[in-house]
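J.: Supplied in structure tokens, the structure appears directly below.
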Ligand code: ATP
């Protein structure tokens, strides 16, 4: 079943067209990645999906319903949750408080404990530091917290914007392993990444975004083996 579909989506910043007639699909259960250079429109696409940025054309369908004009907070209620680029955690709040904030949109608060347990199992380091404030965590730990907080909303679709950004190599491996684990536990993932090597090797399918338009798509493996992709995005050729 198709969980998310963008059809002919355009997004402008004033007169600048950042995303142009973009169409992508995410099937239930998949990890789909959107790769592209700086300024290609990856974050803008994520903002359009989470509802932070309005569309100038096109439609977004989620879980069988048209959400093109739905408010961002109501999209969270429907099951779309984003761990934003730059992390965006609450620096003055503890890990526990940050995680609690992630569940604000949930009506079934009975199972919050279970969700928190799931987050702590994925990220044992957060459990060890649960009373520490967000602002005192390392960059990698803040990234874990941002993903954990997004999971507290129990999303059907998890949006991850550059989860590996600014992380040391050993953290990068770990974050991607955990993304696969989250997916195997049943959460569909849309992942925006500049680390094309890792993203393509983890993703079921991938789209290449260039100056606001999709130029290629295929399975992660297919694109990983493609010479022009290697040259442009994998630093080999
Ligand atoms: P990066 O990998 O560098 O984060 P990106 O692929 O996520 O890049 P976007 O951040 O979506 O790219 O930007 C797409 C285009 O839109 C760029 O040309 C950028 O300058 C422009 N843009 C993004 N945000 C704004 C804004 N708030 N106002 C004006 N232009 C913007």
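In full-length UniProt numbering, the protein residues as written are 1 to 237. Cβ atoms here follow ideal geometry from the backbone N, Cα and C, with glycine treated the same way. These numbers were taken from a predicted model, which means no experiment stands behind them.
If I'm right that residue 119 touches residue 148 with Cβ under 8 Å, what's the distance once you round it to whole angstroms?
T.: So it is a contact: roughly 4 Å between Cβ atoms.
J.: Check residue 206 in the structure and name its three-state DSSP category.
T.: The answer is strand: DSSP assigns residue 206 an E or B state.
J.: The ligand ATP: which residues have Cβ under 6 Å from any of its heavy atoms, chain order?
T.: Cβ-based neighbours of the ligand ATP within the cut-off: 13, 16, 18, 36, 38, 39, 40, 41, 42, 43, 44 and 194.
J.: I'd like the ranges of any alpha helix (DSSP H) spanning at least 4 consecutive residues and lying wholly in the segment 100-132.
T.: Counting only runs of 4 or more, we get 112-122 and 124-128.
J.: Tell me whether residue 12, by its Cβ, gets closer than 8 Å to a heavy atom of the ligand COA.
T.: With respect to the ligand COA, the structure offers nothing, as its ligand set consists of the ligand ATP.
J.: In the DSSP assignment, the beta strand (DSSP E) including residue 137 goes from what residue to what residue?
T.: No beta strand (DSSP E) holds residue 137; DSSP gives it neither H nor E.
J.: Keeping to the same chain, check which residues put their C-beta closer than 7 Å to that of residue 68; ignore five residues upstream and five downstream.
T.: For residue 68, where only same-chain residues beyond five positions count, the Cβ hits under 7 Å are 55, 59 and 60.
J.: Tell whether a beta-carbon distance below 9 Å holds between residue 45 and residue 22.
T.: Yes.
J.: Taking 6 Å as the limit between beta carbons, can you name the residues of its chain near residue 122, skipping five residues before and five after?
T.: Counting only Cβ-Cβ distances below 6 Å, and skipping sequence neighbours, we find 178.
J.: What distance in whole Å lies between the Cβ atoms of residue 131 and residue 187, which are believed to be in contact at a cut-off of 8 Å?
T.: With a Cβ gap of about 27 Å, residue 187 and residue 131 do not count as contacting.
J.: Let me know if residue 196 comes out buried or exposed under the rule of 16 or more other beta-carbons within 10 Å of its beta-carbon.
T.: It is buried - the Cβ of residue 196 has at least 16 other Cβ atoms within 10 Å.
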